[in-house]
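Chemist: In this note's numbering, the protein residues as written are 79 to 1097.
Glycine included, C-beta positions come from ideal geometry on N, C-alpha and C.
One structure is given below, represented as structure tokens, and several questions about it will come after.
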């Protein structure tokens, strides 16, 4: 039950709010002299006690327009004030308080007070109380205006709450910063001088309209130049000539400058700075291999005095310190001194470039900061240093290329095809010059045991015209390098036990092929097929007691020719008994070792699995299915014991269909499983070999989901998560707000995790350092969230936020984790908005696309004279409209078997650049020529606009370029049909909107595509 007193407490605030809402719907009479926009009631501060009244201004009667009647008889409240809260008050503008209903003049005037005291005229005009100061308010002063609760409405209601309005008058104009700053030294002589004010001094205008704006900066000593306002409060002065080096400048902004609201610069603002002394920035040439005939240039940090610098600079030979005679030329506004020797410099000689401290800056007031000495070495004259092979070399490797190493700076244009001759003349020659090593490589197919003569032309020269002179190099090649390889595609192979076991060997320049055949156990096979198979294969050394056979096959090949030999592995030239074997092959002429380059190569090795079975496996996270069939008959092999290595539970016997399912829970999903079937020790004959076989789950080349562009994850995930931040980029000091949506995944059935589920959250910076770590609990909706306040000195770069279940096993193969990247950068908010538009969204091929990039400042005004760069790219756009009441039609010339049609991305179409005009826009045209494309194209247009402050905004848009005005569509009734059966095909013609276009002639072409797989038996 609500008691009466409590009920009144509820009703009174409600009525007060209602009065505010009702009053705001009316149209109060305007103030007699409004000086600025008014604000809402939030600018009024109500107090419990009336303000003191040090001054009671004289009331000035004034007739006021009638206020809108208030429907309810409620106490008056203040709804607007001038000035509004936080606004500076002009020194001579009126002060106004507006109520929600007409006010009684006498009581309202009596309730008004202002402090500090100010003389003025006070009157009531309907719902407005207006005070007009008759004396100027104090600049930069704080004032308080109050109206106590004695003020009454015209209906006699007391003011609901007193009015307490506090405001400041307009202050003084101030200089907040300068560049260079006061007292700065080593200031660049060619930089601008910038003054930043605390208030807008000039109105926002275009660049061409600045002639009438004030120029508030003076310099002593006086400097000629031009000034401009970058915006309303930043002034930049550009000297027309560089300042004097090593000089002190005094800058002054005189008092009396006013801003757009009349605020005054009370006193002169002065700052001083010292310009930098000149120094030598660089010399050219420098280092080794300088060009002797060229001039020497000395680049200074600022313009220099010509005469003193010329007298202070000298070029000397390093060996005897003798000065080089020449003449001096000044470039780039007296910043670069070019010294031109009267005679060419000597080859292969060290030179010194010296500049004494007596060199002065252009103003003459600053000498060189310190004496400078630089050095360079001229290039040597053209000569042949060496060749590989050297002249008269014997037994040169056939594979070795010919190399000529030069000294000097070679003129590559003299190294053409006619710059050398080779006898005997080859048919295919390739040459390449490495300018960094000064080496010329010449390659051609050499023949063994052949005398070659290489002649380098005499007119090969350096860049100065010094010629090499004819050079002749003679050498004789030796035999080709001997080799012996097993001609098998992989290190492991399976062999049919119903056929003779043979292997192919290729060889050259050897006298025999020496073989060793070992029998391996299942443990060896599991290791060779396991996760570390490459290391095991490399280190495999079967023990001597496993040796089955050792033999040698003499060969008498023709010298320097490659040969192929098929070698039976069984002594009777038949099949080896089913089992696992290891084969090694060597040749006496080949150098063998541990596999390193220094000690020689490893012998040829191969693991053989001889079996009459074909084993097919399919694996999941928990089991393996094995299907065994006979290689000769193709029939299933029943009652065959099957087992997986290393897993005592993974064993079973095939059923009548040759199928068995094995548990596979004791192995990580990524680890391969080796499957063994049958018993190799069973009695075996050529016609009835023992039913034994080996299979690895890794043998899936061409069969994995990725081979068919299908997504695959093993094992399937048990949970899913999506993490995001409120923004992709932040500044140091800002707060990163993030949220994660988490779900349990049961075969694509998603449910929220239990409320209170714990998740570890970590955030790392770009250096991998952890900046946050915490545990968060999910709510009833399966989400977690948080905030990361960035430090003001936070490192810049990309950060990563990762979320993981708190109970997750981080050592397991699959650990569910979700994350998101965000960037921390010292970026600036853009000052302008850019738009990229085109005249049409769709065009016909051969037409022109008209595009416009435009930009406007957020505070108003066009972004003129801004650089615009644009590019247009193309890719296939597949036309696929929705046809009502019909089948799905294909409208595109896209056939998967046609390699030309697979070229979906056409690349760059056109590009260009320009500048925005006075209206802030730049227009350009793009030719929509797609005559060389099979399909309709989509042009993507990227444009970037960079303003004078190097702020860049990028935009993009797209336009569809159609191949024609009408599209033919094809819809077969079935995509698979039987031979000899008819196939119905529907045809349609539509326009760009997918609307039918009747009476169009069509030509129908039916093509036949065949896929052939050819297998050829080896000889």
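Within 10 Å of its beta-carbon, does residue 980 have 16 or more other beta-carbons around it, so buried, or fewer, so exposed?
Modeler: Against the chain shown, residue 980 aligns to sequence position 902. Model confidence at residue 980 stands at a pLDDT of 45, short of 50, so the residue's coordinates are unreliable and nothing is read from them.
Chemist: DSSP has residue 829 in a bridge; who is on the other side?
Modeler: The count along the chain shown starts at 1 and reaches residue 829 at position 751. DSSP lists 822 as partners of residue 829.
Chemist: Looking only at its own chain, which residues have a Cβ that is under 6 Å from the Cβ of residue 719, when we skip the five neighbours before and after it?
Modeler: Position 641 of the chain shown holds residue 719. Result list for residue 719: 731, in chain order.
Chemist: Only counting the same chain, and skipping five residues up and downstream in sequence, which positions put a Cβ closer than 6 Å to that of residue 1047?
Modeler: Within the chain shown, residue 1047 is the residue found at index 969, counting from 1. Correct list, in chain order: 967, 969, 1066.
Chemist: What are the uninterrupted segments assigned as beta strand (DSSP E) that are 3 or more residues long and contained completely in the segment 586-612, given in chain order?
Modeler: 590-598
Chemist: Short of 7 Å in beta carbon distance, which residues of its chain neighbour residue 750, apart from the five on each side in sequence? Order them along the chain.
Modeler: The residue you call residue 750 lines up with position 672 of the chain shown. Scanning its chain for C-beta atoms nearer than 7 Å, with the 5 sequence neighbours on each side dropped, one finds around residue 750 the residues 607, 608, 609, 774, 775, 776, in chain order.
Chemist: Answer yes or no: do residue 356 and residue 378 have a C-beta to C-beta separation smaller than 8 Å?
Modeler: Looking up residue 356 in the chain shown gives position 278. Looking up residue 378 in the chain shown gives position 300. Their beta carbons are under 8 Å apart, which means residue 356 touches residue 378 by this criterion.
Chemist: So residue 934 is in the beta strand (DSSP E); what residue range does that whole segment cover?
Modeler: Counting from one through the chain shown, the residue named residue 934 turns up at place 856. 926-935 is the extent of the beta strand (DSSP E) around residue 934.
Chemist: Which partner residues does residue 427 have in the DSSP bridge list?
Modeler: Here residue 427 refers to the residue found at position 349 when the chain shown is read from its first residue. In DSSP, residue 427 forms no bridge with anything.
Chemist: Starting from the C-beta of residue 761, find all residues in its chain whose C-beta is less than 8 Å away, skip the five residues before and the five after it, and write them out in chain order.
Modeler: Mapped onto the chain shown, residue 761 falls at position 683. Around residue 761, the same chain offers 768 as residues with beta carbons nearer than 8 Å, after the five sequence neighbours per side are excluded.
Chemist: Under 7 Å from any heavy atom of the ligand GDP, does the C-beta of residue 352 make it?
Modeler: This structure does not include the ligand GDP; it has no bound ligands of any sort.
Chemist: Within a Cβ cutoff of 6 Å, which residues of the same chain sit near residue 1058, ignoring the five residues on either side of it in sequence?
Modeler: If you number the chain shown from 1, residue 1058 lands on position 980. Cβ neighbours of residue 1058 beyond the five flanking positions: none.
Chemist: Given that a residue counts as buried once 16 or more other Cβ atoms are within 10 Å of its Cβ, and exposed if not, what is residue 1148?
Modeler: Because residue 1148 is not part of the residues shown, which for the chain are 79 to 1097, the question remains open.
Chemist: Report the residue ranges of all beta strand (DSSP E) runs contained in full by the segment 625-697; include only those spanning at least 3 residues, in chain order.
Modeler: Look at the segment 625-697 and you find these whole runs of beta strand (DSSP E), each 3 residues long or longer: 625-632, 641-646, 657-664, 682-689, 691-697.
Chemist: Let me know if residue 226 comes out buried or exposed under the rule of 16 or more other beta-carbons within 10 Å of its beta-carbon.
Modeler: For the purposes of this step, residue 226 is taken as residue 148 along the chain shown, with counting starting at 1. Under this definition residue 226 is a buried residue.
Chemist: Please name the residue in 881, 1068, 267, 465 whose C-alpha comes closest to that of residue 352.
Modeler: For the purposes of this step, residue 352 is identified with residue 274 of the chain shown, where counting begins at 1. The residue with the shortest Cα to Cα distance from residue 352 is 267.
Chemist: Compare the C-alpha of residue 663 against each of 723, 385, 643, 906 and name the closest.
Modeler: Taking the first residue of the chain shown as 1, we reach residue 663 at position 585. Closest option to residue 663, Cα to Cα, is 643.
Chemist: Please name the residue in 695, 690, 419, 327 whose C-alpha comes closest to that of residue 713.
Modeler: The count along the chain shown starts at 1 and reaches residue 713 at position 635. Closest by alpha carbon: 690.
Chemist: Just how far apart, CA to CA, sit residue 709 and residue 682?
Modeler: Translated into the one-based positions of the chain shown, residue 709 becomes position 631. Translated into the one-based positions of the chain shown, residue 682 becomes position 604. Residue 709 and residue 682: Cα-Cα distance of roughly 28 Å.
Chemist: Hey, how far is the Cα of residue 262 from the Cα of residue 350?
Modeler: Here residue 262 refers to the residue found at position 184 when the chain shown is read from its first residue. Here residue 350 refers to the residue found at position 272 when the chain shown is read from its first residue. In a straight line, the C-alpha of residue 262 is about 7 Å away from that of residue 350.
Chemist: Contact defined as beta carbons within less than 8 Å: I believe residue 752 pairs with residue 772. What is the distance between those atoms, to the nearest angstrom?
Modeler: Numbered from 1 along the chain shown, position 674 holds the residue referred to as residue 752. Numbered from 1 along the chain shown, position 694 holds the residue referred to as residue 772. Right, the Cβ-Cβ distance comes to about 7 Å (below 8 Å), so this counts as a contact.
Chemist: Check residue 857 in the structure and name its three-state DSSP category.
Modeler: Locating residue 857 in the chain shown gives position 779, where the first residue counts as 1. Coil.
Chemist: Would you call the CB atoms of residue 819 and residue 837 closer than 8 Å?
Modeler: The count along the chain shown starts at 1 and reaches residue 819 at position 741. The count along the chain shown starts at 1 and reaches residue 837 at position 759. Cβ atoms of residue 819 and residue 837: not closer than 8 Å.
Chemist: Less than 8 Å separating the beta-carbons of residue 425 and residue 373?
Modeler: Numbered from 1 along the chain shown, position 347 holds the residue referred to as residue 425. Numbered from 1 along the chain shown, position 295 holds the residue referred to as residue 373. Cβ distance not < 8 Å, so residue 425 and residue 373 don't count as in contact.
Chemist: Residue 560 and residue 649 look like a contact to me (Cβ under 8 Å); what is the Cβ gap, rounded to whole Å?
Modeler: Stepping through the chain shown from its first residue, residue 560 is reached at position 482. Stepping through the chain shown from its first residue, residue 649 is reached at position 571. With 8 Å as the limit, residue 560 and residue 649 do not qualify as a contact, their Cβ atoms being about 28 Å apart.
Chemist: Note the first and the last residue of the continuous alpha helix (DSSP H) segment covering residue 188.
Modeler: Position 110 of the chain shown, counting from 1, holds the residue named residue 188. Looking at the DSSP string, the run of the alpha helix (DSSP H) that includes residue 188 is 183-189.
Chemist: To the nearest whole angstrom, what separates the beta carbons of residue 955 and residue 1015, a pair I think is in contact under 8 Å?
Modeler: Here the question's residue 955 lines up with position 877 in the chain shown. Here the question's residue 1015 lines up with position 937 in the chain shown. So it is a contact: roughly 6 Å between Cβ atoms.
Chemist: Can you tell me the Cβ-Cβ gap for residue 327 and residue 308, rounded? I've got them flagged as a contact below 8 Å.
Modeler: Your numbering for residue 327 matches position 249 in the chain shown. Your numbering for residue 308 matches position 230 in the chain shown. In fact, because the Cβ distance is near 21 Å, the residues do not count as touching under 8 Å.
Chemist: With DSSP run on the structure shown, which of helix, strand or coil describes residue 491?
Modeler: Your numbering for residue 491 matches position 413 in the chain shown. Note: residue 491 maps to helix in three-state DSSP.
Chemist: In or out: residue 866 buried (at least 16 other Cβ within 10 Å) or exposed?
Modeler: As a first step, residue 866 is located in the chain shown; it is residue number 788 there, counting from the start. Flag for residue 866 reads buried.
Chemist: So for residue 387, helix, strand or coil by DSSP?
Modeler: Numbered from its first residue, the chain shown carries residue 387 at position 309. Residue 387 falls in the helix class under three-state DSSP.
Chemist: Based on Cα-Cα distance, which residue from 803, 336, 301 lies nearest to residue 281?
Modeler: Working through the chain shown from its first residue, we reach residue 281 at position 203. The option with the nearest alpha carbon to residue 281 is 336.
Chemist: If you measure between the beta carbons of residue 343 and residue 250, is that distance less than 8 Å?
Modeler: Residue 343 sits at position 265 when you count from the first residue of the chain shown. Residue 250 sits at position 172 when you count from the first residue of the chain shown. Yes.
Chemist: Using 8 Å as the limit for Cβ to Cβ distance, is residue 916 near chain D?
Modeler: You won't find chain D in this structure, because it holds only one protein chain.
Chemist: Quick one: is residue 132 buried, meaning 16 or more other Cβ sit within 10 Å of its Cβ, or exposed?
Modeler: Taking the chain shown and counting its residues from 1, one reaches residue 132 at position 54. Caution is warranted here: a pLDDT of 37 is assigned to residue 132, below 50, making its placement in the model unreliable, and the coordinate value is therefore given only provisionally. Answer is exposed; the Cβ neighbour count stays below 16.
Chemist: Over what stretch of residues does the beta strand (DSSP E) that includes residue 905 continue unbroken?
Modeler: The residue given as residue 905 occupies position 827 in the chain shown. Segment: none, residue 905 is in no beta strand (DSSP E) and carries neither H nor E.
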